[in-house]
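For reference, the structure is listed below as structure tokens.
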Amino acid sequence: MIDSPLVTAERYGRVIKSTVETFVAECFTNAAAPPLGELLVVEDGTPIIAIVADISTESRDGTRPLGLHGGPEDDLQHVLDANPHIPALLRTCFTGVVAGYWEDHHLRQYLPSAPPPVQARVRRATAAECAGLIASFDFLRLLLGVAPHADDAIAAALRRLAPPEPERRPFLVRAGKALTVLLAEDPPRLHALLRRLQG
Amino acid sequence: MTLDMGQVVRLLPELVERARTDAHQREQRLDEALRLLHAAANDLAGVAHVVEAAETSWALALPYREPFDAAIAPPAELPTDYTVLAVDGSSIDVDRNLPLACFVINLGWMHICYGDKPAACYGSTVDIQPTSDELFMRDNDDPSRETMVRGEALSLLRSVREMAEAAACAARFADERPLLALIDGTLALWNVEKRDLPEAVVTMLRDGPRGARQALDSLRDLAHDHPVLFGSYVSRTGATNVANTLRLLACPDRPHVVCRRCPGKGKGERPCDAVGIASDALLMRALLAPWQRSAVFLPRRPGATSDTWYREAGHEIGFFYLNTGEEIARVELPLWIADDVHRLGLLHGLLVRQARDGMGYPLALREAHEQAVISSTDRQAFITLLSQTCEQSGIPWLISAKAWQKRVRAI
Numbered sequence: 000m001i002d003s004p005l006v007t008a009e010r011y012g013r014v015i016k017s018t019v020e021t022f023v024a025e026c027f028t029n030a031a032a033p034p035l036g037e038l039l040v041v042e043d044g045t046p047i048i049a050i051v052a053d054i055s056t057e058s059r060d061g062t063r064p065l066g067l068h069g070g071p072e073d074d075l076q077h078v079l080d081a082n083p084h085i086p087a088l089l090r091t092c093f094t095g096v097v098a099g100y101w102e103d104h105h106l107r108q109y110l111p112s113a114p115p116p117v118q119a120r121v122r123r124a125t126a127a128e129c130a131g132l133i134a135s136f137d138f139l140r141l142l143l144g145v146a147p148h149a150d151d152a153i154a155a156a157l158r159r160l161a162p163p164e165p166e167r168r169p170f171l172v173r174a175g176k177a178l179t180v181l182l183a184e185d186p187p188r189l190h191a192l193l194r195r196l197q198g
Numbered sequence: 000m001t002l003d004m005g006q007v008v009r010l011l012p013e014l015v016e017r018a019r020t021d022a023h024q025r026e027q028r029l030d031e032a033l034r035l036l037h038a039a040a041n042d043l044a045g046v047a048h049v050v051e052a053a054e055t056s057w058a059l060a061l062p063y064r065e066p067f068d069a070a071i072a073p074p075a076e077l078p079t080d081y082t083v084l085a086v087d088g089s090s091i092d093v094d095r096n097l098p099l100a101c102f103v104i105n106l107g108w109m110h111i112c113y114g115d116k117p118a119a120c121y122g123s124t125v126d127i128q129p130t131s132d133e134l135f136m137r138d139n140d141d142p143s144r145e146t147m148v149r150g151e152a153l154s155l156l157r158s159v160r161e162m163a164e165a166a167a168c169a170a171r172f173a174d175e176r177p178l179l180a181l182i183d184g185t186l187a188l189w190n191v192e193k194r195d196l197p198e199a200v201v202t203m204l205r206d207g208p209r210g211a212r213q214a215l216d217s218l219r220d221l222a223h224d225h226p227v228l229f230g231s232y233v234s235r236t237g238a239t240n241v242a243n244t245l246r247l248l249a250c251p252d253r254p255h256v257v258c259r260r261c262p263g264k265g266k267g268e269r270p271c272d273a274v275g276i277a278s279d280a281l282l283m284r285a286l287l288a289p290w291q292r293s294a295v296f297l298p299r300r301p302g303a304t305s306d307t308w309y310r311e312a313g314h315e316i317g318f319f320y321l322n323t324g325e326e327i328a329r330v331e332l333p334l335w336i337a338d339d340v341h342r343l344g345l346l347h348g349l350l351v352r353q354a355r356d357g358m359g360y361p362l363a364l365r366e367a368h369e370q371a372v373i374s375s376t377d378r379q380a381f382i383t384l385l386s387q388t389c390e391q392s393g394i395p396w397l398i399s400a401k402a403w404q405k406r407v408r409a410i
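Going down the list, the protein sequences come from chains D and H. Numbering follows numbering that gives the first Met the number 0, with no gaps: position 119 of the first sequence is 118. Numbering follows numbering that gives the first Met the number 0, with no gaps: position 177 of the second sequence is 176.
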């Protein structure tokens, strides 16, 4: 069951592009994008849980690329102060990889039958919603196949999902065992991912 | 390909060679024009006498208060806290091949704050006039004289709406910081009488709701209480006011020059051709160093009645040239800005900053343009929406046979 919006965390943005596996959302505020690995919930429609797999900032108008401003000695704040129009003409988007959806208050860790609706709101998942996800590690299979930066996104998500000590290490060990099964045929990738878990 | 490139290739060398051989003569004429400009630099009364007495079709320039050959650097000290507002417009003209005769005006604006609290915001306003009645402006004295708002009339209407939008936005954003408000193109409704518009139409553009007078009144009132600066910016000007005035000063018949009685008539050579240069921009490029401005000039067009309106309304328009390094721009401004030396300097200085930031063109104007522009995709979307809405309302779309053929282009 998803939490009531009244107790929900902040809303990050709206879906502007979607498939059953992934969606792209534009942030309400450029400076307030979700971090890599954050767990998200798509409201408005079938509630979907997802993980942030990519974040980008670019010119709002695809035909107008952002050029270089300032000299080598000018730090970022100086450049932004001298060019206040630049932040207004940029947008930040993030990619969410679908990790499951709720149906009749049960969390299904497989793809929904339809993509999240365009313009649906996206918010941070609550602690209770995150706890529901880690009851099983089936969602890892969805991320491994499709996420733009799958390994980093998975590692970041698992580090976020891990409960505080003393349960943290046992959780990460269980997650590592699930990954071992999924990446049995790619030992180098598995080892690299397990090292990321140690963060 | 229907343009015969073989013929083009044979004709081009002559054109280029003529331009090359003319170059030396152009240099000589420019030197002579500069000499005359410097000679008349401080004789403002003498220049005014020649200009006011002239009987000519040329547009002329009177130096307002500064020497004729002034080349003025921007102020060394400028405020760090200030804001810039720019407005630009574009339009979709009436198309008789659409289901409804209508025009669209899109006004874009950009507001940028510099200094302690840097910020920016932008937006656009759409105006669609759909009904036949509003598409026509009629002469009250002769109702059969009516002008459809399209083409040049629409272009004038758009210019006036830009001024009105600038006034409205300036009122919204004005505070204790200097506010530079800019619009693109010419500030004044020049040459209106040459466009053969009914007087009622011209009156509506000047004195009607959201007309030029209302906008200028509003800006002037705002400038009483706030440090507001206002002007229009013409990129890469092709004006010839100053160049034409130098021709009068070179005329052997001065101080009363009557072009119809030119001494060179019939010979094919005018005495003033010795100082004939193609544009004020050529003269100013030789006169002004980068970022310098010229004197403020008052435009004069002998016989034109439209200019007196601005004077009578208390909004006489002047202009100066600005060398941005990339080009010579013409900046038009009401004299109630030019009369205030401090505001004039501030206008100059902040324009220079904007042009530097915008690589030779005021950055805020560039961004306002981006908000105003109607792309081909937008146009197509508008046509699609219009036709769908009309169809849903039972209005058929009857397209002309010619327009249909242009779409199909079947052999």
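Idealized CB from N, CA, C, for every residue including glycine. The structure displayed is predicted, hence computed values, not measured ones.
Between the alpha carbons of H/G317 and H/D220 lies a gap of roughly 19 Å.
Going by beta carbons, H/Y81 and H/L188 fall outside the 8 Å limit.
By the Cβ test, the region 61-68 of chain D is not in contact with the region 104-118 of chain D, since fewer than three Cβ pairs between them sit closer than 8 Å.
In this model, H/I410 and H/L2 are separated by some 20 Å (Cα to Cα).
Proximity of H/Y121 to chain D, defined by a Cβ-Cβ separation below 8 Å, is satisfied.
Residue-level contact by beta carbon holds for D/L79 and chain H, with a gap shorter than 8 Å.
Short of 8 Å from the beta carbon of H/P254, and not among the five residues preceding or following it, lie these beta carbons of its own chain, in chain order: G45, H48, V49, A52. Per DSSP, reduced to three states, the secondary structure at H/A337 is helical. Per DSSP, the beta bridge partners of D/S55 are D/C92.
With a threshold of 16 other beta carbon atoms within 10 Å, H/M358 falls short and is exposed.
For H/Y113, at least one C-beta of chain D is nearer than 8 Å to its own C-beta. Among the residues facing chain H, D/P83 is included, as its CB has a counterpart in that chain under 8 Å away. Neighbours of D/A87 across chain H, judged by C-beta separation under 7 Å: A119, C120, Y121.
H/L362 has a beta carbon lying within less than 8 Å of a beta carbon in chain D. By DSSP's assignment, H/M0 forms no beta bridge with any residue. Counting along the chain, D/H105 sits inside the beta strand (DSSP E) bounded by residues 105-107. Shortest Cα-Cα distance from H/H23 to any of H/A337, H/G302, H/A273 involves H/A273. Between H/E325 and chain D, the shortest Cβ-Cβ separation is not below 8 Å. Between the region 154-163 of chain H and the region 200-212 of chain H there are three or more inter-stretch CB-CB distances shorter than 8 Å, so the stretches are counted as touching. Only those residues of the region 340-369 of chain H whose C-beta falls short of 8 Å from the nearest C-beta of chain D are listed: D356, L362, A363, E366, E369.
In its chain, beyond the 5 residues on either side, V86, A180, I182 have a beta carbon closer than 6 Å to the beta carbon of H/A165.
Inter-residue distance for D/A81 and H/P361 is about 14 Å (C-alpha atoms, whole angstroms). DSSP places H/M109 inside the beta strand (DSSP E), whose first and last residues are 102-113. H/Q370 is positioned such that its CB atom lies closer than 8 Å to that of H/M109. Contacts with chain D at 8 Å (Cβ-Cβ) do not include H/M4.
Put simply, the backbone Cα of H/A169 is about 24 Å away from that of H/I373. Apart from sequence neighbours up to five positions away, the residues of its chain that approach H/P62 with a beta-carbon distance below 7 Å are L43, V46, A294, F296, ordered along the chain. By the 16-neighbour rule on beta-carbons within 10 angstroms, H/H347 is buried. The Cβ neighbour count for H/I127, taken over all protein chains shown within 10 Å, is under 16; the residue is labelled exposed. Contact check for D/V51 against D/G95 passes: the beta carbons are separated by less than 8 Å. Beta-bridge pairing by DSSP links D/A98 to no other residue. Per DSSP, H/P62 is one residue of the beta strand (DSSP E) stretching across 59-62. Of the other Cβ atoms in all chains shown, fewer than 16 fall within 10 Å of the Cβ of D/P34; this residue is therefore exposed. Residues of chain D with a Cβ closer than 9 Å to the Cβ of H/M109 are, in chain order, H84, A87. For the options D/I153, D/L160, D/E164, the alpha carbon positioned closest to that of D/A191 is the one of D/I153.
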